[in-house]
Each structure stands twice: as structure tokens, then as C-alpha cells.
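Have a look at the structure below before the remarks.
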Amino acid sequence: MASKRKRDMSPAPPQRSARLRTQQESASSGLPPRPTLQRELSIFSTDVETEETWPSLRKEAEARIANYTHQKRPNEDKLQASLNAFLQWLPEGGRESIARDIVGASTDDKLHEGFSNLLSALAMPMKTRSRPGTVTSSPHTRRLQSVEAVATTLDQPTERQRSFRNDCLRRDGYRCVISGELDINTWEARGLPTDVDFGPVEAGHIIPFSYASWPYSSVGPPCDHASPFIRTEKEPPSETSTAWEVLWRCFPGVRHEGIAVETINSLTNGLTMRSPVHMAFGAFSIALKPTDTPNLYERVFFRRYPSSERRALPASNMIELKQAPGAEDLELPSAALLDCHYRLAEILNASGMAEVIDEHWRRWEDLKESAGGMLRPDGGTEIGEYLEVALWDRVAV
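Here it is, written out as C-alpha cells:
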């Protein structure tokens, strides 16, 4: 049983305001239809507050959240817990930005709209796209164009993924960084040593590889703004708050790390993990929390991490990431990206958003199965609009 962990976070380095630029389009892959966002994108600011002013801004934002009145809006039972979790766990720069938007939401409808956008443009793509899955080609011209745009950006993606996997395993000594188990193929190649634990291991992305293919990643002309909270009718639907923009806005360190569509296969975005650990990592039921010591992390379990799997892991919660002998030229995982994953895990688990997303995903899978194979994951059926109204409008508006 893991020892009780501390939840206090060391302040992240302050980040200054910046303008985001992204012109990539991507394709949805087997996901249910998504509603179109038509939200005003307010001035993008990640200026941090001073130690003296942040508490007052947070208090003001918490008061605004507390004054929210329930009106049977989608998922509003999670709104207050979720927004408070964002205030508590976002890093400097991200927390202030969201707090200002919360304070500036003049109506409950606007507050709920911002909450829905955080759910659908950040939490949902992060969690659902962390799952393994298949990609089916779409017959729709617009979606094929999006696929081509992503393929162009990710030059030779299959080769890059292969290189990503091979380099991750080599850097990590062909072992799961969390359990220490040796890759089963490597174990066989080394003559089946009897004193070594082994199992199936794989290279996993911290920020999911398929994150760029989430529908909200497609954008029109580059925009200077990224607020998920305020709506307008003046801007065309194409100028939307994209998944990447919201991610960068909430986690400035991810943007400064340089992770985007074209760099998603960077070694700094990879970990070698045993298959069940990788699945739990993608489900945000386990995370690595950065410490004050470079490359030293605290292993953090959340309530949905399987108890039998937990008992099978090493007793110590401290994990040092380091290059294996002969792999000193390969970059270690980024503390900023692992910090992002850890903080999102705290937000998803503390707010109950994780269960909401899992439930909607299960409903989507059940609906596909109940249709007797007639419902195509690529959106090629004629009932996409029905699904959008019947299912996904309960997730975001």
C-alpha cells in the first residue's frame, strides 16, 4: 500500500504572456460528432500574479463560482468542483488566466460555457485520446483534407513513431520506468534470465500522440486569443478556442517546452511503461509528480488505480529517471510535461470529471455496438446529427 502522499505543489517558474500561433488542421478518428464552438477568444494572457495579489484573485474567482445557480445545464453538477480544481492545481500563468475569466463571466450561462469548453477542449481530448484505438479512413472530403494536413505536418509519422519507440526503450534500458520490469523481447534476447522480472512494455506519450487529431485542433486563420469563457456572434466559427490553445493557455510550460503537433514524438514526451501501467497512466489514475530534485519524481496513485497492480509495484514512491548506459545522448522526459499530466490527474480526479468522460465514452461505445455494426466510427452514417444531440450535447454545448 502506497504511503500517504503530500499534495502541496512547488510553484512553477513564472511565465509571461505570449501569442499562440497554430494553423494545423487534423482529423477525427472514430470519435462521435462534435458540436461547433462559437466563442469569443479574449486576449491571451498568462501573466502571473504576485504572491500578494494571487490570493485575492483566487478568492474573488471562488466567490463567483460559489454564486453559480443551477439551471439543469449539461454536467453542471461538476461545474463548481471542476473550476475550483482548476484554480487549485493549474500552474502559475494558467491559474491566473482562468481565474480572470471566471471573475469576468457576467452571467451563469457564460460561466457554464467556459466550464464546458474546458471539459470538451482540454479534459476530454486528453483523457479519451490517451486510450489505444484504431484509425479508420473517412470518405468525407473535408475530413480527408484534415487527415492530409496532419500527415503533412507529421512527416513520415510511422517512421517517427518507430524511432520514438526504439529510442524510448533504449534510453530507459528496455524497462518500465515505474515497475522496473524488463521488456519481454529483450529478456528473451538476453537468454531468459531467471532473476529478472519481465513483461510487455511499450513507449507511451505524456501528451497523447493523437491529441492533434481531436476535432477542436482544426483552426481557421491564426488568432491572438484563447479564452474558453466568453461568447460572441461577431467571429466566424472557424476562429475557435482549439484544444492546443486551451492546453497551452492552462499550462504555459507545455508551450515553452515546444510540444505541438510536429514535435509530439519528441523523446521528452515519452516514457517506457509496462502495458497495464501505460493504460493507467493514460487514464490519469497514476502520475509522476516532479520534485525539487531534477529527474526525481514522486509516484502518485489515484483511487481508480487497481489495488492488485499497486501491490505489484516497488514499495518506494520515488522514481529517478535516467539514461541507461550507452544512451546518454537521448533526452530524458520533460518535467514540464509530466507536471502537466500530474496536475490534470489531480483536476480530473478531484472534480469527478474523469468519471463523466468515461461514462460518455462508454455510452458512445455501447451505442456503436447496439447499432449492429451499422454505425461507422468515421462518421460516415447518416445519424451523426442524432448522436450529437442525443449524446454529446450532454458533455458540452
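According to my numbering, the sequence shown is numbered sequentially starting from 701.
Glycine residues also receive a C-beta, built at the ideal position from the N, C-alpha and C atoms.
Taking C-beta atoms as the reference points, Phe984 and Leu1048 count as a pair closer than 8 Å. Within a 10 Å sphere around the beta-carbon of Ser756 sit fewer than 16 other beta-carbons, which makes this residue exposed.
For Val877, there is no enclosing alpha helix (DSSP H), as DSSP marks it with neither H nor E. Annotated as distal: Gly970 and His1041, with beta-carbon spacing of 8 Å or more.
DSSP, read as helix, strand or coil, puts Leu1032 in coil. Taking 4 residues as the minimum length, the alpha helix (DSSP H) runs contained wholly in the segment 742-804 are 754-766, 779-789, 794-804, in order along the chain. In the DSSP assignment, Thr972 falls within the beta strand (DSSP E) that extends over 970-974. Per DSSP, the beta bridge partners of Phe1001 are Ile986. By the Cβ rule, the segment 774-783 counts as touching the segment 807-822, because three or more pairs are nearer than 8 Å.
Contact between the segment 999-1018 and the segment 973-989 is present: 3 or more CB-CB pairs across the two stretches fall below 8 Å.
Judged by DSSP in its simplified three-state form, Asp897 adopts coil rather than helix or strand.
In the structure shown, Gly1026 adopts coil according to DSSP, grouped into three states.
Looking from the CA of Lys810, the closest CA among Ile959, Glu776, Ala1036 belongs to Glu776. When the five nearest sequence neighbours on each side are left out, the beta carbons in the same chain lying within less than 6 Å of the beta carbon of Tyr1005 are those of Ala980, Ser985, Ile986, in order along the chain.
Restricting attention to Leu1013, Cys950, Ile907, Ser1007, the CA atom closest to the CA of Thr963 is found in Ile907. Taking all protein chains in view, the Cβ of Asp897 is surrounded by fewer than 16 other Cβ atoms within 10 Å, so the residue is classified as exposed. Going by beta carbons, Val901 and Ile1019 fall outside the 8 Å limit.
By the criterion of a C-beta distance shorter than 7 Å, His812 is surrounded in its chain by Arg773, Glu776, Leu779, once the five residues flanking it on both sides are discounted.
Within its own chain, the residues whose Cβ lies closer than 7 Å to the Cβ of Met973, once the five positions on either side in sequence are excluded, are Cys876, Val877, Ile878, Val901, Glu902, Gly904, Phe981, listed in chain order. The alpha-carbon separation between Ala960 and Ser806 amounts to approximately 33 Å. Listed in chain order, the non-local C-beta contacts of Arg955 below 6 Å within the same chain comprise Trp948, local neighbours out to five positions each way being set aside. Our two residues, Asp808 and Tyr768, have alpha carbons roughly 6 Å apart in a direct line.
If you look at Glu962, you'll find it isn't in any alpha helix (DSSP H); DSSP assigns it neither H nor E.
For Ser1016 and Ser1007, the gap between their C-alpha atoms comes out near 16 Å. Judged by DSSP secondary structure, Ile1019 falls outside any alpha helix (DSSP H) and instead within the beta strand (DSSP E) spanning 1018-1020.
Distance from the Cα of Thr993 is smallest, within the candidate group Leu1021, Arg1003, Glu1009, Ser966, for Leu1021. Sequence-distant Cβ neighbours of Arg865 in its own chain, meaning closer than 6 Å and more than five residues away, are Ala903. DSSP, reduced to helix, strand and coil, places Leu996 within a strand of the structure shown.
Straight across, the Cα-Cα distance linking Pro952 with Arg890 is about 43 Å. Beta-bridge annotation (DSSP): Gly904 is paired with Leu971. Put simply, the backbone Cα of Arg1062 is about 10 Å away from that of Val1056. Inclusion of Trp754 and Glu1046 in the CB contact set at 8 Å is not warranted, their separation being larger than that value. Per the DSSP secondary-structure output, Asp883 pairs in a beta bridge with Gly899. Its chain contains Arg875, Asp897, Phe898, Gly899, Val901, Arg974 as the residues whose beta carbon lies nearer than 7 Å to that of Glu881, once the 5 sequence neighbours on both sides are disregarded; these appear in chain order.
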